[in-house]
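Only one structure is covered here, and it is reproduced in the block below.
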Amino acid sequence: MAAAAPAGKLAENLLHFARVLRAAGVPVGPAQVADALVAVQLIGVERRDDWYAALAALFLTRHEQRPLFDQAFHVFWRAPDLLGQAQRLLLPQITGRLPRPRELSPRLAQAFAPSGLEQPRVGAPAEQQEFDAVLEFSARERLQSRDFEQMTPDEWAVARRYAGRLALPLRPVLTRRWRPGEPGAVDMRQTLRASLRCGGEPVLLRRRRQVRRTPPLVALCDISGSMHRYTRVLLHFLHALGQQQKLSVFLFGTRLSNITRCLRARDVDDAMRAVSRAVPDWSGGTRIGPCLEQFNRVWARRMLTQRAAVLLVTDGLDRAEPGVLQAAMQHLRLASRQILWLNPLLRYEGFEPKAAGIRVMLPLVDRHLPAHNLDSLAQLAQVLRGA
Amino acid sequence: MSDATGMPDLPGTVDAVQAALAGTGYIAPRNLATTIFLALRMGRPLFLEGEAGVGKTEVGKALASVLGRRLIRLQCYEGLDISAAAYEWNYARQMLEIRLAEATRAAPTLDNHALSAHLYSETFLLKRPLLQALEADLAGPPILLIDELDRADEPFEAFLLEILSDFQLTIPEYGTIRAAEPPVVVLTSNRTREIHDAIKRRCLYHWVDYPSAARELEILQSKVPDAPAALSRQVVAFVQRLRGADLFKSPGVAETIDWTRALTTLDSLVLDPDTIDATLGALLKYQDDLLRVQGQVAADMLRDIQAGLAQAAPGAVS
């Protein structure tokens, strides 16, 4: 190819750019860099917006990555002295020369400064930031980080023992996948293949049946002050559950946080550490309605497909007006397959729901699991089995 | 790397792509045209993600008409499997063939090996969209539109990986079928769930956004040419405003076009509050959203828009 000579420099710069993106948390592999080199030679360097579109098409795999990419692109590929600028940016002293440093994502600033310390990776992805815009309750909400103590060896043994028994009362769903099995419908393909052994006589009828599986589960877990004493055991429970089935976990108090990725760590202590870093509103107030509404708006369409069930863990003590909660709950009910409500407040059989939030929510859930004491996994397992 | 001389009918520049798409009535923004240009030249699948009704599927159709190729569409759904997406053996014919072989030959001892080779030949293969897309076509490799991939389940995604990276398909009884020339693949997703990164890596990714007001007007004029100009302008301004409002589902371009058609059918020359209330169902599909906008809110929006348009072009709006 004729452009071989300039490609040398270009390749180097693309590589640098990819490295900056990678450091900022956008996973860019070597194959994509090689493709980008081909792409930019096809596009040419006349138009900056084409250049941007080409690199975005190759390097991005999610819409959420775009703001970060946008910043990185405009800092890195600054006209007119493209190459020189780019290389200078990679020198350590460049931190002071970044344009509008306040608006740069901290992760990106870190990525541009190669001497920067390796910061502990915050498990929560960038989507979390949008919830910071909820301001009305900031006066009342208590932002605090929370250190979960490490799990004691005793607890760990108990958790392992009960993890297998922590089966939620979820109805399995029929999928449209098939596997060999009796009794079932005749599997034509396998029957014909088997018949060839007998000279074309379908002597053996092979059968197949539909696969059943537990539906994916979305857990929405209240972490407000009134739920404080259950949080620890619930998180352990959710971690154990996540090892068994497809599970997405959201925590809410005054804000909604998606901690699914944090819980994916195999080691429970690692997972708890990641969760405590990612969530800003431990043991504060409760805004169940607005948080559920937020979930409906931002996440429900992505999370509640494939007939997902919802596990709602809350005491139902809501501070916001009940109208919001009512609307949000109705929406959630329509969008999900089944709602299980795990409520540590409902202690007795003939419990009279007095709080407004509870009265609103009770008729809208499918199963209601009153758990009068959730202090240990053992008791939780008992509740779930009895349900 | 693909050789440019091998595909003489591909547009040579980004501008050419944009112009050709515009010729078929698809008004593409510059960044989308760039991504399409690259996908064509690099022989890579195009992954389009975005809200419902922003024109993702239309890209596939427009490409087919620009390039004069066959469009093969695979609509995804949960449980979509190989027999519906790629191939299936024609069991009825196979069984008939076995009976025929028995009847024509006097000896009951059939040569099992020859029979099975014969039964699993191309004659008995039912070709579904993915397999069809790998076949040579006189007009050139076809356009394979894999629509709403997010509706399929994860096992199907994994199955797609082989096709998307090597453009080949393995049938255990038959062998591996490889495309002589790779098809142009367009995948779309409404993002009701995240598609696995492994798929996206093999593609050029593009997020299709809602169009700007100017572009939406252009689209409207191309799709509903008999709508009065003043009405189109008001419709676009109204829809753009709705997208800024706090709605559960913002209206897409498809809804804008539907609504304009509805208004044109009713012989409206300009928007008025009563007509808006009566036809809002073409635009908003959730009861909550309808209740929120209908009545006073819509009337207020309309008044603002009329004031804004009158200011922009004095005398253009009654």
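Heads up: the sequence lines are chains A and B, in that order.
Under the numbering used here, the final residue of the first sequence carries the number 1273; numbering is consecutive throughout.
Under the numbering used here, the final residue of the second sequence carries the number 418; numbering is consecutive throughout.
Even for Gly, the Cβ is constructed at its ideal location relative to N, Cα and C.
Asked                                                                                                                                                                        : Found
Spell out whether any CB of chain B is found under 8 Å from the CB atom of A/His-1114.                                                                                       : no
For B/Gln-175, return the contacting residues in chain A, with the cut-off set at a CB-CB distance below 8 Å.                                                                : Those do not exist, as B/Gln-175 stays about 14 Å from chain A at its closest Cβ, beyond 8 Å.
If the cut is a Cβ gap below 8 Å, which residues of chain A does B/Glu-149 touch?                                                                                            : His-949
In chain B, which residues lie with their C-beta within 9 Å of the C-beta of A/Thr-1061?                                                                                     : Glu-178, Gly-179, Asp-253
Identify which residue in A/Cys-1107, A/Pro-1176, A/Val-1196 has its Cα closest to the Cα of A/Val-1165.                                                                     : A/Cys-1107
Is the region 299-313 of chain B touching the region 127-140 of chain B in the sense that three or more CB pairs, one from each, lie closer than 8 Å?                        : yes
When burial is assigned at 16 or more other CB atoms within 10 Å of the CB, is B/Ser-289 buried or exposed?                                                                  : buried
Output yes or no for whether 8 Å exceeds the beta carbon distance between B/Ile-172 and B/Gln-268.                                                                           : no
Report the rounded CA-to-CA distance for A/Val-1154 versus A/Val-912, giving the unit in angstroms.                                                                          : 26 Å
Taking the C-alpha atoms as reference points, what is the distance between B/Leu-226 and B/Gln-118?                                                                          : 37 Å
Any beta-carbon of chain B closer than 8 Å to the one on A/Asp-935?                                                                                                          : yes
May I ask you to report which of helix, strand or coil DSSP gives A/Arg-1099?                                                                                                : strand
Using a Cβ cut-off of 8 Å, pull out every chain B residue sitting near A/Asp-921, in sequence order please.                                                                  : Met-142, Arg-144
Say whether chain B places a C-beta atom closer than 8 Å to the C-beta of A/Ile-1225.                                                                                        : no
Evaluate A/Leu-1066 with the Cβ neighbour count: other Cβ atoms within 10 Å of its Cβ, from every protein chain shown; 16 or more gives buried, anything less gives exposed. : Note that residue 1066 of chain A corresponds to Pro in the displayed sequence, not to Leu. That one is exposed.
In the region 376-406 of chain B, which residues sit with their C-beta less than 8 Å from some C-beta in chain A, listed in chain order?                                     : Asp-388
Checking the sheet assignment: what are the DSSP bridge partners for A/Val-906?                                                                                              : According to DSSP, A/Val-906 bridges with nothing at all.
Closest to B/Asp-237 by C-alpha separation, out of B/Asp-247, B/Val-284, B/Ile-198, would be which residue?                                                                  : B/Val-284
Spatial neighbours of B/Val-335 within its chain, please: CB distance less than 6 Å, with the 5 preceding and 5 following residues excluded, ordered by chain position.      : Thr-360
Would B/Glu-202 pass as a contact of B/Arg-251 if the rule is Cβ separation under 8 Å?                                                                                       : no
Does the separation of the CB atoms of A/Asn-1229 and A/Asp-1201 fall below 8 Å?                                                                                             : yes
Residue ranges of each beta strand (DSSP E) run of no fewer than 3 residues wholly in the region 244-325 of chain B, ordered along the chain?                                : 268-271, 275-278, 284-289, 304-307
Would you call the region 1169-1187 of chain A and the region 1133-1143 of chain A in contact, with 3 or more CB pairs under 8 Å?                                            : yes
Please name the residues in the region 1167-1201 of chain A whose beta-carbon is closer than 7 Å to at least one beta-carbon of chain B, in chain order.                     : Arg-1183, Arg-1187, Arg-1188, Thr-1191, Gln-1192
Should A/Ala-922 go down as buried or exposed, given a rule of 16 or more other Cβ atoms within 10 Å for buried?                                                             : buried
Check for me: the alpha helix (DSSP H) holding B/Ala-120 runs from which residue to which?                                                                                   : 114-123
Where does A/Glu-932 sit, in a helix, a strand or coil, going by DSSP?                                                                                                       : coil
Please name the residue, chosen from B/Gln-394, B/Arg-193, B/Leu-167, B/Leu-146, that lies closest to B/Thr-223 on a Cα-to-Cα basis.                                         : B/Arg-193
Between which two residues does the alpha helix (DSSP H) carrying B/Leu-156 extend?                                                                                          : Inspection of the sequence shows that residue 156 of chain B is occupied by Lys rather than by Leu. Run containing B/Lys-156: 156-167, per the alpha helix (DSSP H) assignment.
Which residue or residues does DSSP assign as beta-bridge partners of A/Ile-1225?                                                                                            : A/Val-1196
Give me the Cβ distance between B/Val-324 and B/Ile-357, rounded to the nearest whole Å; I'm assuming they're in contact under 8 Å.                                          : 6 Å
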